[in-house]
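Trainee: Per our numbering, residue 1413 is the first one in the sequence shown, and the count goes up by one each step.
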Amino acid sequence: MIGAWPSTRKPRVRCTDLSARRRTRPRIAIVGAGFAGLSAARHLGRGYSVTVIDRSPWFEWLPNIHELLSGVKRPADLRLPMSRLVERAGHRFVKGEVSAIDARSKHVVTSSGRRIGYDACIVAVGGAHDTFGVHGADRYALPFKSVDDCEAIGRRLATLARGRRESSVVIVGGGLEGVEALGEILRRYRDVGKLRITVVEGGPRLLPGSPSALDARVREHCEGRNVRLLVRSPVTSVTPTRVRLRSGEVLRSDLTIWTGGVTATPLLRETGLARSGRQWAPVDRMLRSTRLPHVLVAGDAAGLPRPLARQAYYAMQMGECAAENAARMLAHRAPRVFRPSPKPVLIAFGDLDTFLVAGRSVIASPALSALKEAVYQVTMARFDPPLGAASIRSLARRLDRGVSVPRRRSSPRHRA
Ligand SMILES: Cc1cc2nc3c(=O)[nH]c(=O)nc-3n(C[C@H](O)[C@H](O)[C@H](O)COP(=O)(O)OP(=O)(O)OC[C@H]3O[C@@H](n4cnc5c(N)ncnc54)[C@H](O)[C@@H]3O)c2cc1C
């Protein structure tokens, strides 16, 4: 059961002095400014003293990071400075790694020892890269989880494509990220005969959980190309030049890309929000932590009573709901139940295809790539409205690349 809602009283004194007013406004701390944390911050008005803490200076648009592999997008297209976004919303941004939550005194504590008091706290720290304990994977497989990760993969691909000898790329994971990575590699390198690509998926088909027509469609696109698609093939170990499968087969690999695999961050257990290391923070239907009072959890980190796909748009919806419930809690009003509104999923396959998946229905067409681009452009512009010179420049750059970069293969850009 969740602890009592806090007994914070509404300020008794009407203040005209700004600093006194800041002191009397209820304090909300938001830990993590990704999709959920940022949406929560944007949802809270200036009637609260909101502090947003994140270890990164950048908000990253993860749903399009696969496009860094082909050069269709550049790092600057996918990043926005968090301080600008948070301060625009009228709140305070603190760059720091949160290492503890002192629920008794209601403080968030950073690794540098800074203590930030709160009346309500929203935890939105996302998930962590997971290689499931596969031997060598942490060391030798490149993760696919951030702009820096994908930029590094893009550079390595460019080096291999320029080399004289035949090279092998192994993509571990045939889920959404693995398929999108394969699509981008094909967009840019499908005519580079010496680059061989293998996708290995542990489940029975590509894009597990999606309609089986998608597996067939991806296979069609790969026919006649240097691509091997292996399913029911869990990986047992990775070395600098090899990937071993449970079947005993050993694949040569000059570049191993580890996609998929997300787990709860250790912070959830360390703060007491979760019981064990791999557990997501359990919450009730109102997104309140079932373990720490005055704390709500939103986005990937939340262990909902009815699990939901870990997707950006659900994280944004949760962020808004958590913000609203923090405000209700502080006003002693009943919280509202989080009701996700499902949206279709868009899966890009380079310039060859894009799939729109709504439940069991699929529409496939390369023309749908414009829709994925539109979602990216509109949401980035919503997070960073073009109100100042820096935001306008940033918007112009994104639009310019979105319109002028051919959605087919781009010209070579990466340098080794
Ligand atoms: C490669 C890839 C492709 C994806 N594609 C799609 C897609 O096409 N469509 C879709 O809907 N979803 C997609 N997703 C999933 C989507 O990105 C996530 O569901 C979403 O990012 C979750 O939002 P969040 O706010 O919970 O976490 P995040 O966006 O991960 O944000 C968490 C924030 O918390 C911060 N943080 C973490 N720990 C700490 C700490 N201790 N102290 C301070 N700050 C901390 C991090 O720096 C980060 O800014 C994709 C994910 C990946 C990795």
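Don't be surprised by glycine CBs; every beta carbon is placed ideally from N, CA and C. It should be emphasised that the depicted structure is a prediction, and the values quoted were computed from it without experimental measurement.
(1) Could you round the C-beta distance between S1649 and R1656 to whole angstroms and report it? I think they count as a contact, below 8 Å.
(2) For W1692 and G1715, which I take to be in contact (beta-carbon distance under 8 Å), what is that distance rounded to the nearest angstrom?
(3) Looking only at C-alpha atoms, which of I1609, R1551 and G1585 sits nearest to E1578?
(4) Among residues of its own chain, excluding the 5 on either side of R1809, which ones have a beta-carbon nearer than 8 Å to its beta-carbon?
(5) In whole angstroms, what is the alpha-carbon distance linking M1728 and V1769?
(6) Less than 7 Å separating the Cβ of D1466 from some heavy atom of ligand 1?
(7) As an exercise, report each continuous beta strand (DSSP E) stretch of at least 3 residues that is fully enclosed by the region 1714-1752, in chain order.
(8) From A1713 to T1675, what distance separates their C-alpha atoms?
(9) In the DSSP assignment, find the unbroken beta strand (DSSP E) run with S1773 in it and report its ends.
(10) Using the Cα positions of V1790 and S1659, report the straight-line distance between them to the nearest angstrom.
(11) Taking the runs of the alpha helix (DSSP H) that are 4 residues or longer, which of them lie wholly in the region 1430-1512?
(12) Check the C-beta distance from V1443 over to V1521 and give it rounded, since I have them as a contact under 8 Å.
(13) Counting C-beta neighbours from all protein chains within 10 Å, is the total for I1759 16 or more, i.e. buried, or is it exposed?
(14) Can you tell me whether DSSP reads H1547 as helix, strand or coil?
(15) At 4 residues or longer, what runs of the alpha helix (DSSP H) sit wholly inside the region 1554-1580?
(16) State the Cα-Cα distance for the pair A1625 and R1599, rounded to the nearest angstrom.
(17) Opposite A1760 in the DSSP bridges: which residues?
(18) I'd like the list of long-range same chain contacts for S1628, defined as Cβ closer than 7 Å, with 5 residues on each side in sequence excluded.
(19) Would you check if the region 1637-1649 and the region 1541-1550 touch, i.e. whether three or more CB-CB distances between them fall below 8 Å?
(20) Does ligand 1 have a heavy atom nearer than 7 Å to the CB of G1457?
(21) Among R1681, M1698 and A1453, which one has its Cα closest to the Cα of R1439?
(22) Less than 8 Å separating the beta-carbons of V1662 and L1642?
(23) By alpha-carbon positions, which one of G1525, Y1460, T1683 and I1597 ends up nearest to A1512?
(24) So G1800 and G1672 are supposed to be a Cβ contact under 8 Å. How far apart are they, rounded?
(25) Classify S1823 as buried or exposed, calling it buried when 16 or more other Cβ atoms lie within 10 Å of its own Cβ.
(26) How far does the alpha helix (DSSP H) with T1791 in it reach, from first residue to last?
(27) May I ask which residues mark the beginning and end of the beta strand (DSSP E) holding A1676?
Mentor: Working from what's here:
(1) Sure, about 5 Å apart at Cβ, within 8 Å.
(2) Sure, about 3 Å apart at Cβ, within 8 Å.
(3) The residue with the shortest Cα to Cα distance from E1578 is I1609.
(4) Result list for R1809: A1488 and D1489, in chain order.
(5) Whole-angstrom Cα-Cα distance: 19 Å.
(6) Yes.
(7) As far as the region 1714-1752 is concerned, it has no whole beta strand (DSSP E) run of at least 3 residues.
(8) About 9 Å.
(9) Unbroken beta strand (DSSP E) run through S1773: S1773 to A1776.
(10) The straight-line gap from Cα to Cα measures roughly 45 Å.
(11) Entirely contained in the region 1430-1512, the alpha helix (DSSP H) runs reaching 4 residues are, in chain order, 1430-1436, 1447-1455 and 1494-1500.
(12) So it is not a contact: roughly 11 Å between Cβ atoms.
(13) Buried, by the Cβ-count rule.
(14) H1547: strand per DSSP, three-state reduction.
(15) The region 1554-1580 contains these whole alpha helix (DSSP H) runs: 1559-1574.
(16) Spanning the alpha carbons of A1625 and R1599 requires a straight line of approximately 21 Å.
(17) DSSP, once it has assigned bridges, lists T1766 as partnering A1760.
(18) Before going further, note that residue 1628 is Ala rather than Ser in the sequence given. Counting only Cβ-Cβ distances below 7 Å, and skipping sequence neighbours, we find nothing.
(19) The region 1541-1550 is in contact with the region 1637-1649.
(20) False, no ligand heavy atom lies under 7 Å from that Cβ.
(21) Of the candidates R1681, M1698 and A1453, A1453 places its Cα closest to the Cα of R1439.
(22) No.
(23) The shortest C-alpha separation from A1512 is found at T1683.
(24) Contact check for G1800 and G1672: beta-carbon distance about 38 Å, past the 8 Å limit, so the pair fails to qualify.
(25) Confidence is the limiting factor: at S1823 the pLDDT is only 41, short of 50, which leaves the residue's position unreliable and the question unanswerable from this model.
(26) For T1791, the uninterrupted alpha helix (DSSP H) run begins and ends at S1781 to F1795, by DSSP.
(27) Start and end: V1674 to A1676.
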